[in-house]
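Taken in sequence, the protein lines are chains L and A. Whatever position you read off the first sequence (first residue = 1), add 61 for the numbering used here. Whatever position you read off the second sequence (first residue = 1), add 61 for the numbering used here. Here a beta-carbon is modelled for each residue, glycine too, at the ideal position from N, C-alpha and C. Here's the structure we're looking at; comments come further down.
There are 2 protein chains.
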Amino acid sequence: MDTVLLLPRLLVPVRPRLQVLEQMAVVIEGELIAAVLPRTEAFELYPGARRLELPEHVLLPGFINMHTHSAMTLLRGYADDLNLQVWLNEHIWPVEKTFLGPEFVRDGALLAIAEMLRGGTTMFNDLYFFPEITAKAAAQSGMRACIGLPVIDVPTAWAAGEKECLEKGLAVSAGWRDEPLITTVLAPHAPYSVGDEALRRVAELSAEHDLPVHMHVLESKWETSESIQQYGKPTLERLADLGLMNERLLAVHMTQLNGEDLEALSGTGVNVIHCPESNLKLGNGICPVARLAEHGVNLALGTDGAASNNNLDLLAESRTAALLAKGYAGDPCVVDAFQALEMLTINAARSLGQSERLGSVEAGKLADLCALRMDALQTTPMFDVVSHLVYAASSQQVSHVWVGGRMLLRDGQFLHLDISDIIGRARNWAQRIAAENGMKGVQML
Amino acid sequence: MDTVLLLPRLLVPVRPRLQVLEQMAVVIEGELIAAVLPRTEAFELYPGARRLELPEHVLLPGFINMHTHSAMTLLRGYADDLNLQVWLNEHIWPVEKTFLGPEFVRDGALLAIAEMLRGGTTMFNDLYFFPEITAKAAAQSGMRACIGLPVIDVPTAWAAGEKECLEKGLAVSAGWRDEPLITTVLAPHAPYSVGDEALRRVAELSAEHDLPVHMHVLESKWETSESIQQYGKPTLERLADLGLMNERLLAVHMTQLNGEDLEALSGTGVNVIHCPESNLKLGNGICPVARLAEHGVNLALGTDGAASNNNLDLLAESRTAALLAKGYAGDPCVVDAFQALEMLTINAARSLGQSERLGSVEAGKLADLCALRMDALQTTPMFDVVSHLVYAASSQQVSHVWVGGRMLLRDGQFLHLDISDIIGRARNWAQRIAAENGMKGVQML
């Protein structure tokens with residue numbers, strides 16, 4: 062088997078915590094990290110191995126984007142600065158109604174995959190229609206993905222309703238069982254858009270197959286009163302009654318938590334997926350990250366779709382998360398740089414029940430890695446590399462990316478993806494969408 | 062005189078408002094924009110002019126960073142995630158006490174200048190000691206700067222106290238009168254660190270010479286009670302009594318405004334300089350930008366120093382400003398993308414009383430411009446270039462920068478600055494600072 066020694070200037074393995082190591086070698090064999098050891102020892106133990114010097118770089122675990130709608134990257138900047146209901150009802154849903162289909166999902170997912178890899182993200186946790194198409198796009202691109210099997214009570218181009226969603230979803234899950242890059246999870250859209258019966262079935266399937274459940278929960282204020290009106294109880298109480306409040310739940314957004322909710326969450330094992338930029342942009346509220354951390358809740362990060370972000374820059378998202386947590390709490394000590402980095406990596410792996418194989422640079426784990434060049438102006442000088450990663454670096458400093466030991470990006474260049482084709486297809490969709498809506502075409506480039 | 066036609070794919074002149082123009086030429090003659098006109102007309106009128114095609118680019122006014130401590134870029138990431146008083150008393154001030162001097166200021170300012178130019182910033186409004194050194198660094202680099210003449214009631218390496226500050230400051234102002242790139246403004250540090258007598262003198266000089274006054278105002282909660290305790294009245298009332306609450310005041314931060322303050326500000330002409338990332342990072346509070354805008358207050362943006370940001374990325378700051386305003390107000394419609402762009406450009410020029418010569422791409426104004434390549438993954442596809450500039454682009458997409466008609470950056474490469482020398486000097490300072498403080502040297506690169 063081909064053995065490669067990565068020789069970065071600095072290594073931040075994330076586990077063990079708080080370490081910044083010099084003069085180390087990370088040994089890749091096949092899809093795994095075979096060893097993490099001092100360089101001199103590595104040279105003795107692996108005399109014939111290929112060596113890759115990374116003299117101005119820091120090596121890290123790849124980032125994990127815990128909430129995406131990757132196909133929606135085609136709607137980046139399509140409608141902004143609007144009230145959530147106007148944005149959805151008058152802009153996003155009508156365009157989806159017209160254009161949603163396998164080709165839209167494929168081209169959007171490929172654009173998202175390229176953008177994410179370019180920024181050091183090695184895995185994404187997606188929630189969208191035609192999940193089999195997104196799975197295929199990820200597998201073909203060499204990117205790791207956790208594919209949500211969507212469940213929603215309205216008919217879409219993909220399925221007629223909750224029942225068909227579940228049937229189709231389980232077939233997708235079975236179909237991708239043997240692809241090492243792909244895992245699947247249940248993905249009921251939101252408490253307000255999935256009924257009790259379907260959610261009870263989701264809870265059963267989750268327990269039976271040990272599958273995580275990826276769901277928007279308490280994204281906006283409206284949901285709180287809606288749950289009382291529709292179901293006679295608050296959202297989290299309903300989810301608990303349905304058997305969903307456990308360590309398999311990936312509760313995305315959670316901007317509307319009161320003191321009781323925080324108590325109720327404590328000890329359940331529920332994971333909170335924080336999407337600060339999308340929450341801010343839609344004016345939906347602010348997730349109380351510092352208080353969740355106090356209550357021992359596992360926190361990871363997502364960009365959300367590019368239609369409400371408007372990029373998939375997870376490193377920048379960690380910066381926003383750390384800054385916003387401090388500003389919201391009025392306390393600069395909460396969510397320090399290392400904790401923000403944990404949200405990008407090991408906490409995300411843990412939320413998916415995959416912390417044994419992902420989320421840190423340790424022997425035996427999958428070789429999902431990224432390297433950043435740290436000799437840029439904005440990261441000069443450097444007293445603390447972890448501070449710089451979160452507070453100063455640009456994701457454009459990402460130079461190398463590996464997924465399962467396979468190098469996908471080298472010196473900022475893609476080795477396998479055809480970027481000009483991906484960009485060309487995306488522009489073509491934009492032209493069609495703009496034409497359909499009578500938008501002026503001046504800005505397509 | 063050399064005439065150059067810039068031929069961008071798209072032009073966002075900022076004035077007139079909300080325009081996105083195609084097929085235009087921007088004519089540069091000497092330091093000025095001679096004309097903005099359709100390309101075909103330009104080719105007829107200026108047949109012999111040099112032409113610069115920018116086929117994938119958008120051309121904009123250069124960004125203006127309205128609050129920097131440029132020399133402090135050398136302390137980027139030196140201390141983070143700390144309470145403001147601990148951060149200042151135990152980290153920042155001690156290191157300044159040991160190292161502050163003309164060479165520290167020069168090397169720090171040069172690093173800041175390079176980073177800002179790289180990101181499309183063509184002018185900065187600085188507040189730091191040894192202002193003559195910062196002025197020189199800017200002028201030598203070809204960057205426009207507004208140099209604050211600092212006034213503070215404690216002795217520093219630069220001056221013994223308020224009186225000497227003012228004397229030295231006025232001499233600096235006189236010395237730089239004939240350099241077109243440099244303007245000077247009065248810069249009393251903060252209401253709590255400058256006494257009544259000195260502030261009264263600042264107000265007189267400001268009125269007499271029509272000089273703006275650059276000051277930290279209501280940065281943190283502590284200041285509110287401090288003012289009552291020390292002066293028997295709230296900060297803004299005291300500043301009004303001293304004759305400072307007028308259109309020449311650049312009030313930086315303003316995170317602690319109550320309803321009365323907002324009424325009091327309305328109609329004074331006071332400019333608010335918003336530094337959202339630094340305010341968040343230090344947990345100091347959130348400036349109520351949407352409400353200030355409602356009250357007709359002119360708003361511009363600053364990064365603050367790199368010690369509390371930790372970069373000088375003004376485009377990213379505009380994104381944070383727009384997102385935070387929406388999240389804080391719970392309203393996605395406030396501070397739209399174009400308004401954020403105005404804060405970076407024309408509002409900043411207006412705050413300095415320089416909107417006749419800066420802040421938009423219009424004939425007769427100074428040719429301070431930047432161009433960004435928009436064919437990156439994160440700005441694909443494109444329905445709305447202004448949305449992309451604020452919500453999706455990376456400042457690393459800035460390709461060209463001109464200050465006063467002189468091209469300083471071309472295709473992302475500096476034409477005049479010696480970047481490796483600037484980086485080398487900054488690393489050298491970091492080594493010395495780390496050695497003095499017994500920090501491990503592993504992370505200097």
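Does DSSP put residue i in a helix, in a strand, or in coil?
i               : result
W154 of chain L : helix
C226 of chain L : helix
W69 of chain A  : Residue identity check: residue 69 of chain A is Pro in the sequence provided, not Trp. Three-state DSSP puts P69 of chain A in a strand.
E324 of chain L : helix
V166 of chain A : helix
D187 of chain A : strand
R76 of chain L  : coil
G507 of chain A : Any answer about residue 507 of chain A is impossible in this case: the structure gives chain A only from 62 up to 506.
S456 of chain A : helix
P273 of chain L : coil
Q84 of chain A  : coil
M127 of chain A : strand
L419 of chain L : coil
W15 of chain L  : Outside the shown range of chain L, which is 62 to 506, sits residue 15 of chain L, and nothing can be said about it.
Q317 of chain A : coil
Which bits of chain B does residue i rub up against, with CB to CB less than 7 Å?
i               : result
R179 of chain L : Protein chains L and A are contained in the structure displayed, whereas chain B is not.
Of the choices the options, whose alpha-carbon is the least far from that of residue i?
i               : options                        : result
L305 of chain L : L:G293, L:K282, L:H277         : L:H277
A301 of chain L : L:T329, L:P442, L:E164         : L:T329
H130 of chain A : A:T285, A:V462, A:L188, A:L375 : A:L188
A454 of chain L : L:M468, L:T134, L:A437, L:G466 : L:A437
C394 of chain A : L:D142, L:Q317, L:A110         : L:D142
L376 of chain L : L:R112, L:I194, L:M177, L:A368 : L:M177
L470 of chain A : A:A140, A:G91, A:A175, A:P74   : A:A175
V246 of chain A : A:C226, A:E240, A:V274         : A:V274
D479 of chain L : L:K158, L:T134, L:S202         : L:S202
L71 of chain A  : A:P337, A:M85, A:V65, A:S448   : A:M85
H118 of chain A : A:A140, A:L326, A:V81, A:L384  : A:V81
C207 of chain A : A:M127, A:E258, A:F165, A:E228 : A:M127
For residue i and chain A, any beta-carbon pair shorter than 8 Å?
i               : result
A482 of chain L : Reading the sequence as shown, one finds Asp at residue 482 of chain L and not Ala. So no, D482 of chain L is outside the interface.
N408 of chain L : no
G162 of chain L : no
D479 of chain L : no
H250 of chain L : no
D397 of chain L : yes
A487 of chain L : yes
G473 of chain L : no
G109 of chain L : no
S448 of chain L : yes
P393 of chain L : yes
N372 of chain L : yes
Which residues of chain A have a Cβ atom closer than 7 Å to the Cβ of residue i, listed in chain order?
i               : result
K387 of chain L : L341, K342, G344
So, is the C-beta of residue i closer than 8 Å to a C-beta in chain L?
i               : result
I347 of chain A : yes
A103 of chain A : no
D365 of chain A : no
R262 of chain A : no
E338 of chain A : yes
G138 of chain A : yes
E176 of chain A : yes
In chain L, which residues lie less than 9 Å from residue i when you measure between Cβ atoms?
i               : result
Y57 of chain A  : An answer regarding residue 57 of chain A cannot be provided, because it is not within the stretch 62 to 506 covered by chain A.
W490 of chain A : P442
Name the chain L residues that come within less than 8 Å of residue i, Cβ to Cβ?
i               : result
M500 of chain A : F444
G291 of chain A : Gly is not the amino acid found at residue 291 of chain A; the sequence shown has Gln there. Neighbours of Q291 of chain A on chain L: none; closest Cβ ~23 Å, over 8 Å.
Quiz item: Counting Cβ pairs closer than 8 Å, one from the region 298-314 of chain L and one from the region 267-279 of chain L, do we hit at least three?
Solution: The answer is yes - the region 267-279 of chain L touches the region 298-314 of chain L, with three or more Cβ pairs under 8 Å.
Quiz prompt | Inter-stretch contact at 8 Å, needing at least 3 Cβ pairs: the region 219-229 of chain A / the region 492-502 of chain A | solution = By the criterion of at least three beta-carbon pairs nearer than 8 Å, the region 219-229 of chain A is not in contact with the region 492-502 of chain A.
Quiz item: Quick check: the region 107-126 of chain A against the region 394-410 of chain A, are there 3 or more CB pairs under 8 Å?
Solution: Yes: at least three Cβ pairs fall under 8 Å.
Quiz item: Would the region 208-216 of chain A and the region 248-260 of chain A be scored as touching if the rule is three or more Cβ pairs under 8 Å?
Solution: With a cut-off of 8 Å, the region 248-260 of chain A and the region 208-216 of chain A count as touching, because enough Cβ pairs lie within range.
Quiz prompt | the region 427-442 of chain A touching the region 451-471 of chain A, judged by at least three CB pairs closer than 8 Å | solution = Yes, since at least three Cβ pairs between the region 427-442 of chain A and the region 451-471 of chain A fall closer than 8 Å, the two stretches touch.
Quiz item: Can we say the region 139-158 of chain A touches the region 177-186 of chain A, given the rule of at least three CB pairs closer than 8 Å?
Solution: As far as the Cβ criterion goes, the region 139-158 of chain A does not touch the region 177-186 of chain A, which means the pair count is below three.
Exercise. Answer yes if the region 321-336 of chain L comes into contact with the region 348-362 of chain L, meaning at least three C-beta pairs across the two stretches below 8 Å, and no otherwise.
Key: Pairwise C-beta distances place the region 348-362 of chain L in contact with the region 321-336 of chain L, as three or more of them are shorter than 8 Å.
Quiz item: At a cut of 8 Å, does the region 164-179 of chain L reach the region 408-420 of chain A through at least three beta carbon pairs?
Solution: The region 164-179 of chain L is not in contact with the region 408-420 of chain A.
Quiz item: Touching or not, the region 445-452 of chain L and the region 369-385 of chain L, by the rule of three or more beta carbon pairs under 8 Å?
Solution: With a cut-off of 8 Å, the region 369-385 of chain L and the region 445-452 of chain L count as touching, because enough Cβ pairs lie within range.
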